[in-house]
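Enquirer: Residue numbering for the sequence shown follows numbering that gives the first Met the number 0, beginning at 0 and increasing consecutively.
Note that CB positions come from ideal geometry on N, CA and C, so glycine has one too.
Sharing a structure, written as structure tokens. Questions coming.
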Amino acid sequence: MATVRFSDTLKDTIRSNARAMFKTNIETAKANVPSHWADKMYQSFFPQHARSQFDALPDYAMAKKTQIEFSGFHNAPEDVFQTGCHTQDAYKCEVIRLEFSKPMRWPDNFNENVTAFKANWREGTCDFNNGRWDWLKVEFKEYVRGIFNAEAKQAEFIDGLDKLMTTYSTLAPALKAFPALWDLLDEDAKDRHKKIVERKKKDADEIGVDLNSMTAAVTFSKLTR
Numbered sequence: 000m001a002t003v004r005f006s007d008t009l010k011d012t013i014r015s016n017a018r019a020m021f022k023t024n025i026e027t028a029k030a031n032v033p034s035h036w037a038d039k040m041y042q043s044f045f046p047q048h049a050r051s052q053f054d055a056l057p058d059y060a061m062a063k064k065t066q067i068e069f070s071g072f073h074n075a076p077e078d079v080f081q082t083g084c085h086t087q088d089a090y091k092c093e094v095i096r097l098e099f100s101k102p103m104r105w106p107d108n109f110n111e112n113v114t115a116f117k118a119n120w121r122e123g124t125c126d127f128n129n130g131r132w133d134w135l136k137v138e139f140k141e142y143v144r145g146i147f148n149a150e151a152k153q154a155e156f157i158d159g160l161d162k163l164m165t166t167y168s169t170l171a172p173a174l175k176a177f178p179a180l181w182d183l184l185d186e187d188a189k190d191r192h193k194k195i196v197e198r199k200k201k202d203a204d205e206i207g208v209d210l211n212s213m214t215a216a217v218t219f220s221k222l223t224r
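Following this line, the structure appears as structure tokens:
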């Protein structure tokens, strides 16, 4: 009997379409960066007297920066958010580009010993052991929690799909168990499934008997015994 099987290609398509369902929520969580982080981090880099001296210099004396790249903390303790199928470090994230409210004076020698911030060409991390970042630790962990929750929903949904596609090797019984799976199929899989369903209906018609009447007769017989 013709069936649509869960090939590796079809499984990948279903997973890809499932990930797309959660894409907007994940991107929203990642973009939900508190607007005050950039300026407050700058203020934490340098003491007030140093910033005042920076501002007193003529424009040609110092460079200016409009943003910094940030990806969490170094020297952080082991602390993770975790579900059955998703784990995330509470003090790490993808690189975030933080925009200052205005261009900020920037020293030629940005020293980690002074700023408690390790910077390289593509990202920067705060020293978890330095007390100046106590305010950021709490806010950052909540920010990461939001991303984790959005990604965990995606991971749990895909894990459920994988279990469904392992339980049923073919499409028809899987659709019967989870009709919403239809929305995750590509057009080719949908067309093949429709053809099989239509062919089965046609085969029944070609028998030349009224199967509905036969079914009704069997049912009536059971009721009158």
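For Ser70, name the three-state secondary structure that DSSP assigns.
Expert: Strand at Ser70.
Enquirer: Taking the C-alpha atoms as reference points, what is the distance between Lys201 and Lys194?
Expert: Residue placement at Lys201 is flagged as unreliable, the pLDDT there being 47, under the threshold of 50; the coordinate-derived value follows with that caveat. Distance between the alpha carbons of Lys201 and Lys194: 10 Å.
Enquirer: Suppose contacts are defined by Cβ-Cβ distances below 7 Å. Is Lys64 in contact with Trp120 by that definition?
Expert: No.
Enquirer: Which full runs of the alpha helix (DSSP H) of 4+ residues lie inside the stretch 107-149, going along the chain?
Expert: Fully enclosed alpha helix (DSSP H) runs of 4 or longer: 111-114.
Enquirer: Does the contact criterion of 3 or more C-beta pairs under 8 Å hold for the stretch 164-180 versus the stretch 34-47?
Expert: No, the stretch 164-180 does not touch the stretch 34-47.
Enquirer: With distances taken Cα to Cα, identify the nearest neighbour of Arg4 among Pro178, Asp182, Lys152 and Leu174.
Expert: The candidate whose alpha carbon is nearest that of Arg4 is Leu174.
Enquirer: Skipping 5 residues on each side, what residues in its chain have a beta carbon closer than 6 Å to that of Phe149?
Expert: The question names Phe, but residue 149 is Ala in the sequence shown. Answer for Ala149: Asn24, Ile25 and Ala28, listed in chain order.
Enquirer: Terminal residues of the continuous beta strand (DSSP E) containing Leu97?
Expert: First-last of the beta strand (DSSP E) with Leu97: Lys91 to Trp105.
Enquirer: Alpha carbon to alpha carbon, what distance is there between Val94 and Gly145?
Expert: Going from the Cα of Gly145 to the Cα of Val94 covers about 16 Å.
Enquirer: Taking only heavy atoms of the ligand MN into account, decide whether any of them is closer than 6 Å to the Cβ of Glu122.
Expert: This structure lacks the ligand MN; in fact it carries no ligand of any kind.
Enquirer: Which stretch, first to last residue, makes up the beta strand (DSSP E) that contains Asp88?
Expert: Counting along the chain, the beta strand (DSSP E) containing Asp88 begins and ends at Thr86 to Asp88.
Enquirer: When burial is assigned at 16 or more other CB atoms within 10 Å of the CB, is Thr124 buried or exposed?
Expert: The residue is buried, with at least 16 neighbouring Cβ atoms inside 10 Å.
Enquirer: Rounded to whole angstroms, what's the CA-CA distance from Lys88 to Arg191? Just pull it up for me.
Expert: Note that residue 88 is Asp in the sequence shown, not Lys. Approximately 43 Å, taken between the alpha carbons.
Enquirer: So, with DSSP's three-state summary, where would you put Lys175?
Expert: Lys175: helix per DSSP, three-state reduction.
Enquirer: Beta strand (DSSP E) containing Phe80: first to last residue?
Expert: Val79 to Gln81 is the span of the beta strand (DSSP E), which, as asked, contains Phe80.
Enquirer: So for Ala28, helix, strand or coil by DSSP?
Expert: Correct three-state label for Ala28: helix.
Enquirer: Under three-state DSSP, which class holds Ala75?
Expert: Coil, per DSSP.
Enquirer: Is the stretch 123-143 in contact with the stretch 31-43, if contact means three or more CB pairs nearer than 8 Å?
Expert: The stretch 123-143, when compared against the stretch 31-43, does touch it at the 8 Å Cβ threshold.
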